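Participant: 2 is the number of the first residue of the sequence shown in the numbering used here; add one for each residue after it.
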Amino acid sequence: MKDWDVESAIATYNVDGWGSGYFTVNAEGNVVAKPLQENGGSINILEVVNEARTRGLSFPLVIRFQDLLRHRVESVNLAFQNAITEFDYRGQYRGVFPIKVNQLREVIEEIVDAGQQFHFGLEAGSKPELVSALAMHKDAESLIICNGYKDQAFIRIALLGRKLG
């Protein structure tokens, strides 16, 4: 039987697959977050959990990496920009974040801020999501996509939002 080591853990749990360069296992066998992949530092998750425990925080604990959100938004948009340039595409790419994926204000704010230079917009499928999208919308060139069946109230909110700019 082979001795268990870090490489075995990474392979067994497919860390390279789901971690996408943002997560790995360090020499001590702890999961490490790398919010900027190879371009930044790393965060030992066990140290974060231990610090939370020391501070008396309750579990389960949500650990959010704003830099990771920003890096993903920038990476996706730069990939499209590079493809547009490489293939001499004459159109434009306007990505959107579906609010239903994560409705937390901090998350949406980070994504909107990170995507502003790319005119990255938001997608809303419900009235509360539309109200959030309208409140967060800062860029006249970014899109708000209204998805799915819409009743009169939804359409009224969308049209009022359009009038307000």
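Where a beta carbon is used, it is the ideal one built from N, C-alpha and C, also for glycine.
These numbers were taken from a predicted model, which means no experiment stands behind them.
(1) Where does Phe155 fall in DSSP's three states?
(2) Considering only the beta carbon of each residue, do Ile64 and Val49 sit closer than 8 Å?
(3) Taking Cys147 as the reference, give the member of Val16, His138, Gly166 and Leu123 with the closest Cα.
(4) Is there contact between the stretch 13 to 24 and the stretch 53 to 62, where contact requires at least three CB pairs shorter than 8 Å?
(5) Around the Cβ of Gly42, are there at least 16 other Cβ atoms within 10 angstroms (buried) or fewer (exposed)?
(6) Is it the case that the stretch 118 to 134 contacts the stretch 157 to 165, given that we only count it when at least three CB pairs across the two stretches are under 8 Å?
(7) Quick check: what's the CA-CA separation for Glu107 versus Val132?
(8) Under DSSP, the beta strand (DSSP E) around Val32 begins and ends at which residues?
(9) Would Arg71 pass as a contact of Ala115 if the rule is Cβ separation under 8 Å?
Facilitator: The relevant details are as follows:
(1) Here Phe155 carries a helix assignment [DSSP, helix/strand/coil].
(2) Yes, the pair counts as a contact, with Cβ atoms nearer than the cut-off.
(3) Leu123
(4) no
(5) exposed
(6) yes
(7) 16 Å
(8) Val32 to Ala34
(9) The beta carbons of Arg71 and Ala115 sit closer together than 8 Å.
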